[in-house]
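Visitor: Below: one structure in structure tokens.
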Amino acid sequence: MQDPSTASSSTPPPSFVLHERDSHKLSAERALLDLAAPSSESGVVPVLEQEQRPRSSFQRRFFTNCSSRLAVHHPRTHLWIKRVVLYVRGPRPKEDLPPIKPLLDRKHRVRNHYICLSFESNLLKLTRPFTVPWLFALLAAAYIIGFAFFARAQSFLTPAESFIGCTSTYWLPQDQCGLDGQQCEPFQEDDPFTFRCPAQCDNVILQNPRAVGDEQIAFVPLLVGGGDANHTYRADSFICAAAIQAGVIPRSRGGCGSLRLVGNFTDFLPITANGLSSIGFPSVFPSSFRFLSTTTLSHCEDLRDDALAFNILITCALFLVLRPKPIILFWSLVCIGFWHVVLFSQPMGPPPKIDVAFGTFLPALFIAYAFWRLAFRFVLPEFVAKAPLESCVLYLSGYWVGVLYNLTIDKIPISRLLASDINKRPGGLVAFIIILVIVVALVINQIRVIRKTGWLPYYAMWYIFGGLVIMVMALLPGLQLRLHHYIIPMALLPGTAWPTRLSAIYQGLLLGMFLNGGAAFGFDSILQTPEELKQDAPMGSVLPTFLSNSTNFNASIPLVNQTIFWDALPTGWDGFSLLVDDVQRYAGSALNYSLAALEEGIPHFFRLALTFNGQTADFTMPATLWPNGTWVDPLPGPS
Numbered sequence: 010m011q012d013p014s015t016a017s018s019s020t021p022p023p024s025f026v027l028h029e030r031d032s033h034k035l036s037a038e039r040a041l042l043d044l045a046a047p048s049s050e051s052g053v054v055p056v057l058e059q060e061q062r063p064r065s066s067f068q069r070r071f072f073t074n075c076s077s078r079l080a081v082h083h084p085r086t087h088l089w090i091k092r093v094v095l096y097v098r099g100p101r102p103k104e105d106l107p108p109i110k111p112l113l114d115r116k117h118r119v120r121n122h123y124i125c126l127s128f129e130s131n132l133l134k135l136t137r138p139f140t141v142p143w144l145f146a147l148l149a150a151a152y153i154i155g156f157a158f159f160a161r162a163q164s165f166l167t168p169a170e171s172f173i174g175c176t177s178t179y180w181l182p183q184d185q186c187g188l189d190g191q192q193c194e195p196f197q198e199d200d201p202f203t204f205r206c207p208a209q210c211d212n213v214i215l216q217n218p219r220a221v222g223d224e225q226i227a228f229v230p231l232l233v234g235g236g237d238a239n240h241t242y243r244a245d246s247f248i249c250a251a252a253i254q255a256g257v258i259p260r261s262r263g264g265c266g267s268l269r270l271v272g273n274f275t276d277f278l279p280i281t282a283n284g285l286s287s288i289g290f291p292s293v294f295p296s297s298f299r300f301l302s303t304t305t306l307s308h309c310e311d312l313r314d315d316a317l318a319f320n321i322l323i324t325c326a327l328f329l330v331l332r333p334k335p336i337i338l339f340w341s342l343v344c345i346g347f348w349h350v351v352l353f354s355q356p357m358g359p360p361p362k363i364d365v366a367f368g369t370f371l372p373a374l375f376i377a378y379a380f381w382r383l384a385f386r387f388v389l390p391e392f393v394a395k396a397p398l399e400s401c402v403l404y405l406s407g408y409w410v411g412v413l414y415n416l417t418i419d420k421i422p423i424s425r426l427l428a429s430d431i432n433k434r435p436g437g438l439v440a441f442i443i444i445l446v447i448v449v450a451l452v453i454n455q456i457r458v459i460r461k462t463g464w465l466p467y468y469a470m471w472y473i474f475g476g477l478v479i480m481v482m483a484l485l486p487g488l489q490l491r492l493h494h495y496i497i498p499m500a501l502l503p504g505t506a507w508p509t510r511l512s513a514i515y516q517g518l519l520l521g522m523f524l525n526g527g528a529a530f531g532f533d534s535i536l537q538t539p540e541e542l543k544q545d546a547p548m549g550s551v552l553p554t555f556l557s558n559s560t561n562f563n564a565s566i567p568l569v570n571q572t573i574f575w576d577a578l579p580t581g582w583d584g585f586s587l588l589v590d591d592v593q594r595y596a597g598s599a600l601n602y603s604l605a606a607l608e609e610g611i612p613h614f615f616r617l618a619l620t621f622n623g624q625t626a627d628f629t630m631p632a633t634l635w636p637n638g639t640w641v642d643p644l645p646g647p648s
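Quick note: to get the working numbering, add 9 to the position in the sequence shown (first position is 1).
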């Protein structure tokens, strides 16, 4: 029989014999299935039949003896188990699924007339002259050259130092800018800063709550201010999102702009514009910026949408016109998807880190070859040979959804498959339940398909073994299991190795997810420490306590003479860090802070944290001192 992986795309491959999947090896599965062997009414195997059987392995004899004893002592239980095992085992010998019948090559009877659809066969005949190998090689070389020029225009005609990321800011969270913000200086500059932002920065959000004054914001871009006549933003605002809101650059194409640091500013006003909303900050902040109307940079447009349209057309042409051998088509999808993510849709950093990408590309190719051996070679050739149009729709619909994971699946309000993240965002639990129900339904259907071929026990054995390994890894002390979205395809793709339309969709989607995960983030470990998973979320440490409160604060004392107090250090800590209006104003072991330097007539916000050896723990929620002298106690919990 001809190997499907080497069959010509212009000649329909032979029917796929599923029992060629290394089924010659005797496994524990066959021994277990002896429970379903034919038996007499009493369940005892006749002696003559036992004598005629060849000598079997220890496992086979063990399960046969267990079956015989169970049949003698518990005949009903034995009968029930036998029926279950026979059902799970499926047909013997193993069977193939029925050959794929193209939906667009069928006869349909309407009343007394027959309507013949022959789109697929006509397409095969029409495109046969374009399937010669030399034409594919020529066009592949032209594609690589054209794609290289595309990538050059995208990222390498603008000075590298002008690129900034979607989360770039002038001010770091909490007390990371140091005392009085010294590590984030200068606060004011006359020379403008020119920058280039990638596209779609309005989709980049805070993954954990961030305190701004007396507010907590999360799951939106960090934007503070912009509502005054000069569009003044606080320095910790995301620069690119602020530029989109201010109308300096478009969201879909990115672009270049210029800004100037204007230093100290009071009363940042909120605004809603261009689909983005900022929050206000009624106090003073030492660093702020404003956008300028012109910039000196050129070649600023982000070409990711153009590259996407180009690559979609190329992949469609591979399925419909060029129709190379299935294994060549598979490798084309792997390479196109990987480098589209690296260079356009989700580069690791502006500009793209080509050296890091090549470091990931080689292991990705090895894993992709495993995908071919375990799944794709049993499905892709069957569809491509008979139904190129249908295979194009089935594979590419899921493939591009997976490759563009950051724009499709990532919109689901679950950022990571962690118990702590499911409830973090509004609607996360509901989304998780819906996804779980859909996945369970699809898995049950796939199990039904596998059982019809007789391969269910073999695959179930390996999946159970893999599940046990994962369970052991999840129980390792000091580590947490993290299922990155490149790992999910590695687990699920072997279960799609049967030529059905749903399998084709699954394979396209899972391949795209794998390429996106590897190309955009690299192959992170499946086990990570809690510190790595925390990101910038609170660590759950002990919180200090303000002794000044709404009961004992004397509003009649002028601000210049006011002092706030807090409780003594708990055991194991050596100091405090105090944020006043989101800027660190004190670091030390004292138990009070004078408010003499604060500006009167505006509200002020105070947050306190414990420190040890220069490392800061969680900050309290903000305590608020209003201009009329009213002190509002902080809410419980960290900020």
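Here a beta-carbon is modelled for each residue, glycine too, at the ideal position from N, C-alpha and C. Keep in mind it's a predicted model, so treat the numbers as computed, not measured.
Of the choices Leu552, Ser296, Ala546, whose alpha-carbon is the least far from that of Pro579?
Guide: Here the question's residue 579 lines up with position 570 in the sequence shown. Here the closest residue by C-alpha is Leu552.
Visitor: Quick one: which unbroken beta strand (DSSP E) runs of 3-plus residues sit fully inside the region 295-330? Chain order, please.
Guide: Here the runs fully enclosed are 297-300.
Visitor: Is the beta carbon of Thr572 closer than 8 Å to that of Leu604?
Guide: Mapped onto the sequence shown, residue 604 falls at position 595. Mapped onto the sequence shown, residue 572 falls at position 563. Yes, they are a contact pair.
Visitor: Quick check: what's the CA-CA separation for Gln191 versus Asn637?
Guide: As a first step, residue 191 is located in the sequence shown; it is residue number 182 there, counting from the start. As a first step, residue 637 is located in the sequence shown; it is residue number 628 there, counting from the start. When rounded, the distance between both Cα atoms is 31 Å.
Visitor: Throw me the rounded Cβ distance for the Phe290 and Val233 pair, which I believe falls under 8 Å.
Guide: Reading the sequence shown from its first residue, position 281 is the one you call residue 290. Reading the sequence shown from its first residue, position 224 is the one you call residue 233. Rounded, the Cβ-Cβ distance is 5 Å, consistent with contact.
Visitor: Figure out for me which residue from His240, Phe523, Gln355, Cys249 has the closest Cα to the Cα of Pro372.
Guide: Here residue 372 refers to the residue found at position 363 of the sequence shown. Cα-wise, what sits closest to Pro372 is Phe523.
Visitor: Alpha carbon to alpha carbon, how far is Leu88 from Leu135? Give it in angstroms, no decimals.
Guide: Translated into the one-based positions of the sequence shown, residue 135 becomes position 126. Translated into the one-based positions of the sequence shown, residue 88 becomes position 79. One C-alpha to the other measures close to 58 Å.
Visitor: Asp211 and Gly264 - do their beta-carbons sit closer together than 8 Å?
Guide: In the sequence shown, counting from the first residue as 1, residue 264 sits at position 255. In the sequence shown, counting from the first residue as 1, residue 211 sits at position 202. Going by C-beta atoms, Gly264 is not nearer than 8 Å to Asp211.
Visitor: Return the residue from the list Ala529, Ala506, Ile124, Phe555 that minimises the CA-CA distance to Phe380.
Guide: If you number the sequence shown from 1, residue 380 lands on position 371. Measuring from the Cα of Phe380, the nearest candidate turns out to be Ala506.
Visitor: Whole alpha helix (DSSP H) runs in the region 535-577 with 4 or more residues, listed along the chain?
Guide: Counting whole runs of 4 or more residues, the region 535-577 contains the alpha helix (DSSP H) stretches 539-543.
Visitor: Could you tell me which of Phe385, Leu587, Leu490, Val271 sits nearest to Phe574, measuring between CA atoms?
Guide: Here residue 574 corresponds to residue number 565 of the sequence shown, with the count starting at 1. The shortest Cα separation from Phe574 among Phe385, Leu587, Leu490, Val271 belongs to Leu587.
Visitor: If we ignore side chains and look at the alpha-carbon of each, how far apart do Leu451 and Leu502 end up?
Guide: As a first step, residue 451 is located in the sequence shown; it is residue number 442 there, counting from the start. As a first step, residue 502 is located in the sequence shown; it is residue number 493 there, counting from the start. Their backbone Cα atoms lie some 13 Å apart in a straight line.
Visitor: What would DSSP say about Glu58, mapped onto helix, strand or coil?
Guide: Residue 58 sits at position 49 when you count from the first residue of the sequence shown. Its pLDDT being 41, under 50, Glu58 is placed unreliably by the model, and the measurement read from it follows with that caveat. Three-state result, Glu58: helix.
Visitor: What whole-angstrom Cβ distance do Phe585 and Ala632 have, given they're in contact under 8 Å?
Guide: If you number the sequence shown from 1, residue 585 lands on position 576. If you number the sequence shown from 1, residue 632 lands on position 623. About 14 Å separates the two Cβ atoms, so there is no contact after all.
Visitor: Name the DSSP bridge partner or partners of Lys116?
Guide: Locating residue 116 in the sequence shown gives position 107, counting from the first residue. Cys125.
Visitor: To which residues of the same chain is Leu492 closer than 6 Å at the C-beta, ignoring the five residues directly before and after it?
Guide: Taking the first residue of the sequence shown as position 1, residue 492 is located at position 483. Result list for Leu492: Leu426, in chain order.
Visitor: Could you check which residue in Cys325, Phe562, Val458 has the C-alpha nearest to that of Tyr96?
Guide: Position 87 of the sequence shown, counted from the start, is the residue given in the question as residue 96. The option with the nearest alpha carbon to Tyr96 is Val458.
Visitor: Grab me the residues of Gln59's own chain with a C-beta within less than 7 Å of its C-beta, minus the 5 sequence neighbours each way, in chain order.
Guide: Your numbering for residue 59 matches position 50 in the sequence shown. Caution applies to Gln59, whose pLDDT of 42 falls short of 50 and renders its modelled position unreliable; the value that the coordinates give is listed next. Correct list: empty, nothing qualifies.
Visitor: Is the region 245-265 close to the region 298-313, with three or more CB pairs under 8 Å?
Guide: Yes, the region 245-265 touches the region 298-313.
Visitor: Who are the Cβ neighbours of Ile321 in its own chain at under 8 Å, not counting the five residues just before and after it?
Guide: The residue you call residue 321 lines up with position 312 of the sequence shown. So the qualifying residues of the chain are Leu405, Trp409.
Visitor: Pairs of beta-carbons, one from the region 417-433 and one from the region 139-146, closer than 8 Å: are there three or more?
Guide: Contact fails: fewer than three Cβ-Cβ distances are below 8 Å.
Visitor: Do the CB positions of Leu148 and Glu198 come within less than 8 Å of each other?
Guide: Here residue 148 corresponds to residue number 139 of the sequence shown, with the count starting at 1. Here residue 198 corresponds to residue number 189 of the sequence shown, with the count starting at 1. Cβ distance not < 8 Å, so Leu148 and Glu198 don't count as in contact.
Visitor: Roughly how many whole angstroms lie between the Cα atoms of Ser648 and Arg219?
Guide: Locating residue 648 in the sequence shown gives position 639, counting from the first residue. Locating residue 219 in the sequence shown gives position 210, counting from the first residue. One C-alpha to the other measures close to 7 Å.
Visitor: Where does the unbroken beta strand (DSSP E) through Ile496 begin, and where does it stop?
Guide: Walking along the sequence shown from the start, residue 496 turns up at place 487. No beta strand (DSSP E) holds Ile496; the alpha helix (DSSP H) holding it covers 496-501.
Visitor: Suppose contacts are defined by Cβ-Cβ distances below 8 Å. Is Asn558 in contact with Asp642 by that definition?
Guide: Position 549 of the sequence shown, counted from the start, is the residue given in the question as residue 558. Position 633 of the sequence shown, counted from the start, is the residue given in the question as residue 642. Yes, these two residues count as a Cβ contact at 8 Å.
Visitor: Asn563 to Ala599, Cα distance in whole Å?
Guide: As a working mapping, residue 563 is identified with position 554 in the sequence shown. As a working mapping, residue 599 is identified with position 590 in the sequence shown. Between Asn563 and Ala599, the C-alpha separation is close to 21 Å.
Visitor: Please confirm if the region 168-182 is in contact with the region 235-253, defined as three or more CB-CB distances below 8 Å between the two stretches.
Guide: Touching, yes, given that three or more Cβ pairs across the two stretches are closer than 8 Å.
Visitor: Would you call Thr625 buried or exposed, if buried means 16 or more other Cβ atoms sit within 10 Å of its Cβ?
Guide: Working through the sequence shown from its first residue, we reach residue 625 at position 616. So Thr625 counts as buried.
Visitor: By DSSP, does Cys193 sit in helix, in strand, or in coil?
Guide: To locate residue 193, count along the sequence shown from 1; it is residue 184. Cys193: helix per DSSP, three-state reduction.
Visitor: Would you list, in sequence order, the uninterrupted beta strand (DSSP E) runs of no fewer than 3 residues that lie entirely inside the region 591-647?
Guide: Qualifying beta strand (DSSP E) stretches, in chain order: 592-597, 601-603, 613-621, 624-628, 632-634.
Visitor: Since Pro230 and Val213 should fall inside the 8 Å C-beta cutoff, what is the C-beta to C-beta distance between them, to a whole number of angstroms?
Guide: Along the sequence shown, one-based indexing puts residue 230 at 221. Along the sequence shown, one-based indexing puts residue 213 at 204. Contact flag correct, Cβ pair sits at about 6 Å.
Visitor: How would you call His83, buried or exposed, if buried means at least 16 neighbouring beta carbons within 10 angstroms?
Guide: Within the sequence shown, residue 83 is the residue found at index 74, counting from 1. Exposed.
Visitor: Given 8 Å as the limit, is there contact between the region 339-351 and the region 374-390, that is, 3 or more CB pairs closer than that?
Guide: With a cut-off of 8 Å, the region 374-390 and the region 339-351 count as touching, because enough Cβ pairs lie within range.
Visitor: Using three-state DSSP, classify Cys186 as helix, strand or coil.
Guide: Here the question's residue 186 lines up with position 177 in the sequence shown. Three-state DSSP puts Cys186 in coil, outside helix and strand.
Visitor: Taking the continuous alpha helix (DSSP H) assigned at Phe139, which residues delimit it?
Guide: If you number the sequence shown from 1, residue 139 lands on position 130. It is not in any alpha helix (DSSP H) - Phe139 carries neither H nor E in the DSSP assignment.
Visitor: Between the alpha carbons of Leu634 and Leu181, how many angstroms are there, rounded?
Guide: Position 625 of the sequence shown, counted from the start, is the residue given in the question as residue 634. Position 172 of the sequence shown, counted from the start, is the residue given in the question as residue 181. Taking the straight line from one Cα to the other gives about 24 Å.
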